[in-house]
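Those protein sequence lines, which keep their order, are chains F and A.
This note's numbering numbers the first residue of the first sequence as 1 and each following residue consecutively.
This note's numbering numbers the first residue of the second sequence as 306 and each following residue consecutively.
Backbone N, C-alpha and C define an ideal beta-carbon position, used for all residues, glycine too.
There are 2 protein chains.
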Amino acid sequence: MRLSAAGACSPAHSPATARLASVRAARAPCRVRQVAAVPAAAGANGASGGNSAAPGAAASNSNGAAGHLEVYRVGNATNIRWFEVMVEREDKERLLGQRGCMLWFTGLSGSGKSTVACTLEHMLHELGHFTVLLDGDNIRHGLNKDLGFSAEDRAENIRRIGEVAKLFADSGAVTMTSFISPYRADRDMVRERCRPGEFLEVHMAVPIEVCEARDPKGLYKKARAGLIKNFTGIDDPYEAPLAPEIAVTPYDEEGNMRSPRQMALQILDTLQELGYLRDPAMPTLAVASALQRKHSDGILDFSCL
Amino acid sequence: MRLSAAGACSPAHSPATARLASVRAARAPCRVRQVAAVPAAAGANGASGGNSAAPGAAASNSNGAAGHLEVYRVGNATNIRWFEVMVEREDKERLLGQRGCMLWFTGLSGSGKSTVACTLEHMLHELGHFTVLLDGDNIRHGLNKDLGFSAEDRAENIRRIGEVAKLFADSGAVTMTSFISPYRADRDMVRERCRPGEFLEVHMAVPIEVCEARDPKGLYKKARAGLIKNFTGIDDPYEAPLAPEIAVTPYDEEGNMRSPRQMALQILDTLQELGYLRDPAMPTLAVASALQRKHSDGILDFSCL
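Given below as structure tokens:
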């Protein structure tokens with residue numbers, strides 16, 4: 001009785017959920033191939049009356065929940081594992097139609113990091129891609145609000161940003177970070193935490209004269225006046241990347257200034273060429289489920305997957 | 306010349322990118338309504354020869370990039386802002402067909418937090434939802450590897466997890482965290498950082514006797530033997546939520562044990578009832594772009610949006 005409740009398609013709290021649940025259960029074996037057989041097998045064990053339940057599992061029934069949770073230990077160990085392993089990165093990437101990556105923008109203050117990253121984020125979004133952009137606004141006031149500007153804190157700042165960016169990239173997001181990140185060692189530390197091809201260093205290779213002439217926040221003026229100490233490029237070094245994956249220069253081949261849009265398109269183009277964006281040969285889960293929603297008047301139908 | 310290059314649809318690095326760029330530029334005004342007019346206006350200014358360029362912008366042309374970047378200051382200030390504001394949360398939620406939220410699983414060791422969260426993540430994924438699950442495996446070995454188990458470090462552990470979860474929720478992800486998080490004050494600190502309705506406390510309300518009987522990692526046995534100090538529920542308190550959004554109990558109405566799948570379905574059902582998951586009245590960008598990809602033989606076509 002207990003085991004058959006576990007094995008059967010569970011009674012849900014609403015008809016809609018029940019429908020989704022039963023549909024989902026029915027289709028599981030045909031899509032998540034490497035794992036789908038496992039819960040089905042657990043269900044079969046349950047439905048057949050728990051005849052393969054280990055003595056230990058049956059015994060623990062007497063004390064309540066422990067026994068029930070043990071039902072997933074019936075059979076071989078993968079019965080447990082299916083429920084305790086997160087959705088794989090590759091499956092999320094398939095859902096999103098892209099590959100998770102980390103575009104690490106680095107460059108002097110005023111070099112256009114945030115402007116280009118924002119422009120690129122809008123472009124990617126309008127193409128249907130899921131993005132995240134980490135910058136001072138959403139990091140310094142939140143996660144890293146306890147950090148100052150000492151050497152240790154600067155390194156810790158970059159380390160944490162790298163770890164968060166890694167979590168996003170692991171989820172399949174096209175992840176952008178926009179920080180001066182002046183020290184090569186800090187950036188390389190993040191790179192080393194990434195899998196091959198995941199970390200794309202984007203160097204905003206804009207000369208300091210240009211950045212200082214722009215000076216959108218008036219920071220260079222203050223630094224020259226001695227009002228800001230340890231300002232990158234003035235009295236603190238900027239260590240340019242030696243071999244960035246993407247170098248963004250301010251001029252085009254004809255010597256004309258490039259717009260933020262042109263710079264962002266350069267990066268978009270690189271992402272496409274390197275295969276980070278939607279692979280046309282691989283229909284995404286999003287496409288499939290969208291079509292199914294389209295064809296089923298709002299009721300999810302996974303039968304053709 | 307400079308300004309017209311900025312205004313025109315930029316020359317791209319590959320024909321595919323050029324096509325995407327021109328298509329994107331053409332459709333921008335009809336979808337991102339609140340902002341789309343801005344880049345178009347900037348383009349128009351550029352195409353018409355920069356006749357509305359401010360004297361400052363024209364003057365700074367002499368020193369290179371600064372002048373060009375100034376072009377976006379032509380006209381009113383929103384011309385800049387469009388490029389410096391990230392994609393809005395609501396737009397990402399529309400893309401993903403869901404609302405960003407934070408399911409904060411809390412409960413004793415062995416109460417099934419990770420098992421249920423993993424099960425729920427698989428369910429949500431198979432329904433086409435974008436999820437992230439933060440737990441000890443991906444947090445303690447990365448972002449929080451510098452933290453120990455002192456009172457301060459435990460609080461900082463939860464604070465950082467909350468901040469990262471907030472970043473994911475802000476991106477539209479259905480975000481799950483699976484940590485004992487025994488102290489009410491720490492959980493409430495995270496709740497207070499969230500917007501109304503964003504934080505959903507999920508209490509795994511499993512009695513300690515049940516958890517200890519399960520003891521999947523043998524931790525209770527070690528704690529009872531004095532081999533682990535400050536173990537939650539043994540010699541350190543667990544402060545149960547007073548009013549969790551979702552309380553998951555181990556028994557159903559008939560007194561039978563509930564499976565992890567049933568528990569996960571309870572949460573899924575709540576998410577659906579509260580409107581966090583796909584709103585059928587609001588076609589998602591993913592649906593639209595999927596259909597367009599379907600209908601255009603691999604070439605993106607946004608004309609009907």
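Check: For E318(F), three-class secondary structure by DSSP; Outcome: With chain F covering 1 to 305 only, the question about residue 318(F) has no answer from this structure.
Check: Host beta strand (DSSP E) of H508(A) (start-end); Outcome: 504–509
Check: At least three beta-carbon pairs within less than 8 Å, the stretch 408–418 of chain A to the stretch 485–493 of chain A; Outcome: yes
Check: Chain F contact for L547(A) (CB, 8 Å cutoff); Outcome: no
Check: Rounded C-alpha distance that separates Y581(A) from F168(F); Outcome: 21 Å
Check: Alpha carbon of V174(F) to alpha carbon of G97(F), nearest angstrom; Outcome: 11 Å
Check: CA nearest to the CA of G198(F), picked from E90(F), R99(F), M86(F); Outcome: Residue identity differs from the one stated: residue 198(F) is Glu in this sequence, not Gly. Selected option, being the one with the closest Cα: R99(F).
Check: Cross-chain neighbours of R394(A) in chain F, by beta carbon under 7 Å; Outcome: The contacting residues do not exist; R394(A) stays about 11 Å from chain F at best.
Check: Residue of E273(F), S178(F), K92(F) minimising C-alpha distance to A117(F); Outcome: S178(F)
Check: Neighbour flag for E245(F) against chain D, beta carbons, 8 Å; Outcome: Protein chains in the displayed structure are F and A, and chain D is not among them.
Check: Closer than 8 Å to chain A by CB, H203(F); Outcome: no
Check: Among T270(F), R193(F), E239(F), nearest to K166(F) - alpha-carbon criterion; Outcome: R193(F)
Check: Against chain A: residues of the stretch 138–154 of chain F by CB proximity under 7 Å; Outcome: N138, G142, L143
Check: D491(A) beta carbon less than 8 Å from that of I463(A); Outcome: yes
Check: Beta-carbon proximity list for S150(F), same chain, < 8 Å, skipping 5 on both sides; Outcome: none
Check: Closer than 7 Å at the beta carbon, the chain F residues around L391(A); Outcome: Strictly speaking, residue 391(A) in this sequence is Met, with Leu absent from that position. Result: C118, E121, L133.
Check: The alpha helix (DSSP H) enclosing M428(A), as first and last residue numbers; Outcome: 418–431
Check: Beta-carbon gap between V206(F) and S114(F) smaller than 8 Å; Outcome: no
Check: 7 Å Cβ cut-off: residues of chain F touching K471(A); Outcome: G142
Check: Unbroken beta strand (DSSP E) run spanning T436(A), endpoints; Outcome: 436–440
Check: Residues bridged to S483(A) [DSSP beta-bridge criterion]; Outcome: F410(A), D440(A)
Check: Contact list for the stretch 90–113 of chain F against chain A, Cβ threshold 8 Å; Outcome: D91, K92, L95, L96, G112
Check: Neighbour-count burial assignment, G477(A), 16 or more Cβ in a 10 Å radius; Outcome: buried
Check: Segment limits, beta strand (DSSP E) that includes A552(A); Outcome: 551–553
Check: Sub-8 Å separation of I572(A) and L425(A) beta-carbons; Outcome: yes
Check: Anticipated Cβ contact below 8 Å, T436(A) with M481(A), distance rounded; Outcome: 7 Å
Check: 8 Å Cβ cutoff met for G128(F) and L400(A); Outcome: yes
Check: Neighbourhood of V307(F) by C-beta, 8 Å cutoff - its chain only, sequence neighbours within 5 removed; Outcome: A query on residue 307(F) cannot be resolved here, the shown segment of chain F reaching from 1 to 305 and no further.
Check: Beta-carbon proximity list for I228(F), same chain, < 7 Å, skipping 5 on both sides; Outcome: L219, K222
Check: Cβ distance (whole Å) where H508(A) is taken to contact A545(A) below 8 Å; Outcome: 6 Å
Check: P237(F) classed as buried or exposed, judged by whether at least 16 other C-beta atoms fall within 10 angstroms; Outcome: exposed
Check: Identity of the residue in A569(A), D475(A), G453(A) nearest M391(A) by Cα; Outcome: D475(A)
Check: DSSP beta-bridge partners of T537(A); Outcome: D541(A)
Check: Beta-carbon contacts of K92(F) that lie in its chain and below 7 Å, excluding the five residues immediately before and after; Outcome: S171, G172
Check: Alpha-carbon to alpha-carbon, P244(F) and Q262(F); Outcome: 19 Å
Check: Residue-level contact to chain F via CB, I485(A), 8 Å cutoff; Outcome: no
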